[in-house]
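Step one of this worksheet: look at the structure below.
Chains as they are written, first to last, in my numbering: chain D, -11 to 262; chain P, 20 to 242.
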């Protein structure tokens, strides 16, 4: 209980930072007022009323959007790892059910990711409401939910992955790997310019970051589809949810196998962890 | 009131070998260890003492051979040794928790003891259960004492202590030696690894020497 409280507080603080940065850097109501839908689209990559367009500056902008997320992943990516270092001796000798321990830790990471994503989004919205005239609309509420759900699942996935790599390589190398992979996915968004070709289209569909860009989505809900007004054909919420959830499930199940069979050869991959 | 006396147990290592990335860290280790006895393991740093404890406890698998407890095979009939108290290397506890919070959390896993037993264990090692400092603020000696407290608080049948007197002052060393002897009187099987010959000389009933993963024939320790 004590550990959860402390880590939850840190996740909320990083979320607060993320929300402030997002609101200040990426929410731009060019006419002085902004709809909630337009605001959420900007938080997920759009520029003004234009969907994310992978020019170099916008790719860099997308990378900048992810910096607070990377900060959280770096912190959350040591939660399970630090506990594993202690757990590997003191807990596994008391409860050899590593599976149960692992799923409990995974649930903790999920909780922290949800807290981070929720605080980040709420902070961005509230701060924008203070600065601008934010018009709440039905598509905006839906997009907020989509944004929260998709980002929560993806952040959970990346954070669990960072934890697992930390157990093998230590936190710094693990962070390089996981953040590096996401940076590649961000750079690969440029494939949207040739999405009519088969291979780029497939690569985009399986690119987890591409499935977070709400400005590329279509929707069967007319009001929502009109609010997004995407020229691209390949993305919508349910397939995006399937893609990010699949990555999450794969990571969680692979992690379980890893934890079950890992010999506990050392208590810490580096001096005192992070 | 629960009876904390240990029933007699036999822990056997039968020709166990362990290789890690092609390097042999344990080589054809054979042991027969009984309750109510303190076994000392001496060897230089890197000789394999800690790895042996990891293998005997079940924290790592062995490349060949088997470890049995009263005939049951470790990692087959059970995952780790039941009712084990252990200290390995300098593994830390949770830094943001106090001493008693750390031990309470660990005790909540098996639910074998209550708060009073936890407090008693903390006092036994010379610490104050009411100390509000978090673990990260402990000195090395305090951390070692708390680790010992967690190893003995649930009155385990088997206790494995890797360098138990590390970081302790003279009074602390004396106290820990008395604690270990008291656990032996209770009937626990105790394995102590140390490169400190005085610890082994004072505590151990039988001594094994370990070098490059090879455990040599035991000696009766003349105390």
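The C-beta atom is built at its ideal place from N, Cα and C for all residues, glycine as well. In this text the structure is predicted, and so the values were computed from the model without any measurement.
ask   = Do you know whose CA, among D:118, D:248, D:104, D:89, lies nearest residue 68 of chain D's CA?
value = The residue among D:118, D:248, D:104, D:89 with its C-alpha nearest the C-alpha of residue 68 of chain D is D:89.
Taking its Cβ as the centre, do 16 or more other Cβ atoms sit within 10 Å of residue 119 of chain D, making it buried, or is it exposed? exposed
Hey, residue 94 of chain D and residue 148 of chain D: beta-carbon distance below 8 Å or not? yes
| message | So, with DSSP's three-state summary, where would you put residue 234 of chain P? | response | strand
### Helix, strand or coil at residue 193 of chain P [DSSP, three-state]
helix
- Mind checking who residue 97 of chain P pairs with in its DSSP beta bridge? P:93
C-alpha distance - residue 15 of chain D paired with residue 103 of chain P, whole-angstrom precision: 57 Å
- Item | Anticipated Cβ contact below 8 Å, residue 236 of chain D with residue 159 of chain D, distance rounded | Between the beta-carbon of residue 236 of chain D and that of residue 159 of chain D there is about 21 Å, and that puts the pair past the 8 Å contact cut.
For the stretch 113 to 136 of chain P, which residues have a beta carbon sitting closer than 7 Å to at least one beta carbon of chain D? 113, 115, 116, 120, 125, 128, 129
Option in P:149, P:173, P:145 with minimal Cα separation from residue 161 of chain P: P:145
Beta-carbon separation (whole angstroms), residue 195 of chain D vs residue 215 of chain D, contact threshold 8 Å:
About 24 Å separates the two Cβ atoms, so there is no contact after all.
Let me confirm a value: residue 20 of chain D is counted as buried when at least 16 other C-beta atoms fall within 10 Å, else exposed. Which label applies?
exposed
Which residues, in chain order, does the stretch 68 to 81 of chain P contribute to contact with chain D at a C-beta distance below 9 Å?
70, 73, 76, 77, 78, 79, 80
*Just reading off the alpha helix (DSSP H) that residue 44 of chain P is part of, what are its end residues?*
Per DSSP, residue 44 of chain P belongs to no alpha helix (DSSP H); it is in the beta strand (DSSP E), 42 to 53.
Got a sec: is the Cβ-Cβ distance from residue 83 of chain D to anything in chain P below 8 Å? yes
How far does the alpha helix (DSSP H) with residue 175 of chain D in it reach, from first residue to last? 159 to 175
May I ask you to list the residues that DSSP assigns as paired with residue 228 of chain P? In the DSSP assignment, residue 228 of chain P forms a beta bridge with P:61.
| message | Below 8 Å on C-beta distance, what does residue -6 of chain D contact in chain P? | response | 115
Nearest chain D C-beta to residue 169 of chain P closer than 8 Å, yes or no? yes
- Task: Report whether the distance from the Cβ of residue 147 of chain P to the nearest heavy atom of the ligand HEM is below 7 Å.
- Result: By its list of ligands, the structure shown contains no ligand whatsoever, and the ligand HEM lies outside what it can speak to.
- request: Helix, strand or coil for residue 206 of chain D, going by three-state DSSP, please let me know.
  value: strand
- Query: In the DSSP assignment, what residue or residues form a beta bridge with residue 29 of chain P?
  - Reply: P:53
*asked:* What does the Cβ neighbour count give for residue 112 of chain P, buried or exposed, with the cut at 16 atoms within 10 Å?
replied: buried
- Task: Taking only the alpha-carbon atoms, compute the straight-line gap between residue 83 of chain D and residue 57 of chain P and give it to the nearest angstrom.
- Result: 25 Å
By the criterion of Cβ-Cβ separation under 8 Å, what are the contact partners of residue 159 of chain D in chain P?
Simply none; closest approach about 15 Å.
**OP:** For residue 69 of chain P, I'd like the list of residues in its chain whose CB is within less than 8 Å of its CB, leaving aside the five on either flank, ordered along the chain.
**Re:** Leaving aside the five residues that flank residue 69 of chain P on each side, the residues in its chain whose CB is nearer than 8 Å to its CB run, in chain order, 107, 108, 181, 212.
Discussion item. Counting only beta-carbon separations shorter than 8 Å, does residue 94 of chain D have a partner in chain P?
Written reply: no
Within 10 Å of its beta-carbon, does residue 223 of chain D have 16 or more other beta-carbons around it, so buried, or fewer, so exposed? Taking every protein chain shown into account, the CB of residue 223 of chain D has 16 or more other CB atoms within 10 angstroms, so this residue is buried.
- Query: Under a Cβ-count criterion, where at least 16 other Cβ atoms within 10 Å of its own Cβ denotes burial, should residue 207 of chain D be classed as buried or exposed?
  - Reply: Here residue 207 of chain D is buried, its C-beta having at least 16 other C-beta atoms within 10 Å.
Check your understanding: From which residue to which residue does the alpha helix (DSSP H) around residue 218 of chain P run?
Key -> According to the DSSP assignment, residue 218 of chain P belongs to the alpha helix (DSSP H) that extends over 216 to 222.
Legend entry - Best match in D:121, D:23, D:170 for proximity to residue 131 of chain D [C-alpha to C-alpha]: D:23
* Measuring CA to CA, which of D:178, D:-4, D:102, D:18 is closest to residue 134 of chain D? -> D:102
Practice problem: Can you grab the Cα-Cα spacing for the pair residue 117 of chain D / residue 157 of chain P, in whole Å? | Solution: 47 Å
Environment of residue 138 of chain P [buried if 16+ CB atoms lie within 10 Å]:
buried
Taking C-beta to C-beta, are residue 86 of chain P and residue 93 of chain P nearer than 8 Å?
yes
Use the C-beta contact count for residue 227 of chain P: other C-beta atoms within 10 angstroms, 16 or more gives buried, fewer gives exposed. The residue is buried, with at least 16 neighbouring Cβ atoms inside 10 Å.
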